[in-house]
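First up is the structure itself, then whatever we jot down about it.
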Amino acid sequence: MAAFRCMNHPEREAVHQCARCGKPLCEECYNPDFGRCRDNCADSLVKPEPKGRSAVFRVIVAILAVIGALVVLLVTICGAYIFTLSN
14 MAAFRCMNHP
24 EREAVHQCAR
34 CGKPLCEECY
44 NPDFGRCRDN
54 CADSLVKPEP
64 KGRSAVFRVI
74 VAILAVIGAL
84 VVLLVTICGA
94 YIFTLSN
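Using our numbering, you'd call the opening residue of the sequence shown number 14 and step up by one each time.
Here you go:
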């Protein structure tokens with residue numbers, strides 16, 4: 014790629030090519046983490062949220078909801094039992 018010039022810096026030789034748009038890029042414009050343009054194409058990548066954390070959160074919320082429902086049921090049964098004893 015020595016014959017090509019960077020699209021953003023015409024005075025510099027291109028040493029990389031963007032994997033998305035194919036532009037010739039110099040070292041400053043190339044993002045090695047993504048293999049794409051540092052300013053344009055790398056910014057368009059959507060970084061996924063960690064799935065493990067959200068799944069664990071959902072399980073904890075479900076368990077707490079079940080425990081809460083059982084506590085409400087227990088309080089209702091105990092209240093009814095106490096009410097029948099007092100009559």
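Positions of the beta carbon are idealized from the N, C-alpha and C atoms, including for glycine.
All values derive from a computational prediction rather than experimental measurement.
Grouping DSSP H, G and I as helix and E and B as strand, with all else coil, what is residue i?
i	result
C91	helix
M14	Since pLDDT at M14 reaches only 41, below the 50 mark, its modelled position is unreliable, and no value is offered.
My assumption, with CB atoms under 8 Å, is that residue i sits in contact with residue j. Please give the rounded CB distance.
i	j	result
R18	A32	Wrong, their Cβ atoms sit about 19 Å apart, outside the cutoff.
Roughly how many whole angstroms lie between the Cα atoms of residue i and residue j?
i	j	result
C42	F70	39 Å
A27	P45	14 Å
I95	G81	21 Å
P37	N21	9 Å
H29	F47	12 Å
C101	E40	Residue 101 lies beyond the range of the chain shown here (14 to 100); nothing can be said about it.
A68	R25	48 Å
Going along the chain, which residues of its own chain have a beta-carbon closer than 6 Å to the beta-carbon of residue i, five neighbours each way excluded?
i	result
C34	C54
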